[in-house]
Each structure stands twice: as C-alpha cells, then as structure tokens.
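Working notes for the structure below.
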Amino acid sequence: MRVLVAGSGGQLGRALGASVPEGTTLIAPPEAEFDICNADQVAAVVAAARPDLVVNAAAWTAVDKAEAEEAAALAVNATAVGHLASAAATAGARFVQVSTDYVFDGEACHPYAPETPPAPASAYGRTKLAGEVAAQTLHPSPLIIRTAWVYAAAGSNFVHTMLRLMASRDELRVVGDQIGTPTHAASLARAIWALQGHSGIFHWTDAGVASWHDFAVAIQDEALALGLLTRAVPVIPIRTEDYPTPARRPAWSVLDKASSWAITGPARHWRHELVDCLKEIAG
0 MRVLVAGSGG QLGRALGASV PEGTTLIAPP EAEFDICNAD QVAAVVAAAR
50 PDLVVNAAAW TAVDKAEAEE AAALAVNATA VGHLASAAAT AGARFVQVST
100 DYVFDGEACH PYAPETPPAP ASAYGRTKLA GEVAAQTLHP SPLIIRTAWV
150 YAAAGSNFVH TMLRLMASRD ELRVVGDQIG TPTHAASLAR AIWALQGHSG
200 IFHWTDAGVA SWHDFAVAIQ DEALALGLLT RAVPVIPIRT EDYPTPARRP
250 AWSVLDKASS WAITGPARHW RHELVDCLKE IAG
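Quick note: the sequence shown uses numbering that gives the first Met the number 0, first residue 0, plus one each step.
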C-alpha cells in the first residue's frame, strides 16, 4: 500500500511516520514541496505519488488566532481539504481527514456520538467542520476521524508548555472546568492505520476523562518520577472565566468512541499514554 501524508512534519505526521505498518510505503513530502493550499501543486503531487491512501495530518490549530484570522484558518482547514479530497478521488485513492471535538459546542453532559449534529462555537471549530463538509463533498467515501487534546513528545503542545512552566514558575493556575480526554499522537496514529480501510465519521481519543487541571497534575507527577522535573509546584484549579481567551473552549469534549473501538479494540488510558510520551522526552 502506498500512503501519501500531508502535514508530515507535524506531531501527528511524525507519529504516522513512526508507526508505518509492514508492507506500506510512506510518501511524506515536506511542506515546501506539498503546499496543500495550492490546488495545482496538490493535484501534481498526488498524481505523481500514485497513492492508495491520502491522509491529511495538516491543520491550522492556532485556536485563538483563528478568531481574528478565520479566512486564513478556513483556507487551511477547509479549502485545502477540498484540494486533497478531490485529488485523492481523481487518483482513486482513499482519503482520511482528521477533525476535532471543537465541531461541538461543549454543552452536552454525555459523550458526543459521531452522529450528533455539530454546533461549533469558535472560528476554529467552524473551519474544521467546513473541512469535514469539503471531504464529504469532494470524495466519494472519506474517513473522518475526530479527536481531541492531542500532544506528542515533539512539537508545541500542552505537555511541553506545562513542563516549561513547572520548571520556571513557583505556582501554576490551570483551568479545571473543561473536561475532555488527552490523546497521545502515537495512539491516534495507530488508530488511523487501523481504521484507514473504513469510511464515515469515527471518534478516537485515548480512554478516560480529565480536566486540563487533572492533566497538568498528572504531567507533573509523572515528570517528577522520571526526573524531567526536580521540584513540585502547586497546581491550582481555576474556572474558565478566570482565564479568558478569544476563542470559546468547549466545557465538555468527551467523545463516544464505541464505533471505532469496535474495530480497533479499546484505547489505553490517557495516563498510560502520557507516561510513554514523557519517557520519550526523557530519552
């Protein structure tokens, strides 16, 4: 199987590259040679690669910046998805689009099922939902995988931010009333490989739930055990209203993974995946 990955330099793209199944040829052009916002370049790269599968691991993920630059976010998260989906369809290749919990408003009190009607409450969520629509419109049978709270050993993410702040500050205040599931990029990559033969909308995160405060406390505990931190600092829970941001964050981001887990088997608990990530950082 030949697989073309867009966004190969990002944390998910690197995780896909690190977990390529046996018998798979991975084609991962650098961004300079595969600008997904350039329709002609996308068509040429896909045609030359002759892929059986195209995976879009690229995205505009600057959630707050999207509030002021929604058109730019839309170009990456939706228009470019259309370029990829159309080129994949022309090549007769399957197509995977990675989406987000932000397509929901976060006002539920139970896990969001894949068939739950989306209701994004931010520019980022609107652009990612538009990307789902583009994939469904321009490819006959795309696979859309919604996920949440993704982090990895490399890249800019919550884990690295917490490690940096815990090493430099005497106290941290972290939002404690937004609930979701931390998801290791390596786990998500394995799920994509397992689900790539299917189509439709699936949800995937690691198992369990947490607040951002829970996640931060776990990062500190496990980092201390591994020697990544040398001291513990107080991690104080605060309310969303105490940490205002341009974009509205979902208060509840737990996704129902029953349909994906029926295929892949249950995911590991997020805390176990966090330990694996921190061990990788520790070397």
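Note that CB positions come from ideal geometry on N, CA and C, so glycine has one too.
Query, Result
"Buried or exposed: where does Thr294 fall if 16 or more other Cβ atoms within 10 Å of its Cβ makes it buried?", "Since the first residue shown for the chain is 0 and the last is 282, residue 294 is missing from the structure and cannot be characterised."
"Runs of 3 residues minimum, wholly inside the segment 166–207: which ones carry the beta strand (DSSP E) assignment?", "171–174, 199–202"
"Would you mind stating whether Cys36 and Ala5 have Cβ atoms separated by less than 7 Å?", "no"
"Are Val234 and Ala215 close, meaning C-beta to C-beta below 7 Å?", "yes"
"DSSP three-state label for Tyr150, please.", "strand"
"CA-CA distance, Val347 and Gly179?", "Absent from the structure is residue 347, since the part of the chain shown begins at 0 and ends at 282."
"Roughly how many angstroms separate the alpha carbons of Ala87 and Pro50, rounded to a whole number?", "8 Å"
"Using alpha carbons as the reference points, say which of Glu240, Leu142, Met0 lies closest to Ile26.", "Met0"
"Taking the straight line between their C-alpha atoms, what separation do you get for Ala72 and Ile200?", "22 Å"
"If you run the structure through DSSP and keep just helix, strand and coil, what is Phe214?", "helix"
"Taking buried to mean at least 16 other C-beta atoms within 10 Å of its own C-beta, is Tyr242 buried or exposed?", "exposed"
"So, Lys127 versus Val102, is the Cβ gap smaller than 7 Å?", "yes"
"Where do the ends of the beta strand (DSSP E) carrying Ser98 lie?", "93–99"
"Can you name, in chain order, every residue of its own chain whose Cβ lies under 6 Å from the Cβ of Arg248, other than the five neighbours on each side?", "Gln177"
"Between Gly22 and Ala107, what straight-line distance do the alpha-carbon atoms span, to the nearest angstrom?", "42 Å"
"Report yes if the C-beta distance between Trp203 and Val174 is below 7 Å; otherwise report no.", "no"
"Counting C-beta neighbours from all protein chains within 10 Å, is the total for Lys256 16 or more, i.e. buried, or is it exposed?", "buried"
"Cα separation between Gly94 and Ser186?", "The displayed chain sequence assigns Phe, not Gly, to residue 94. When rounded, the distance between both Cα atoms is 19 Å."
"Measure the beta-carbon distance from Ala281 to Leu227 and round it to whole angstroms, keeping in mind my assumption that it falls under 8 Å.", "5 Å"
"Could you please give me the residues that DSSP links to Ile291 through a beta bridge?", "Lying outside 0 to 282, the shown extent of the chain, residue 291 is not represented and no answer is given."
"Rounded to the nearest angstrom, what separates Met97 and His82 at their Cα positions?", "This sequence places Val at residue 97; Met is not what is there. Whole-angstrom Cα-Cα distance: 15 Å."
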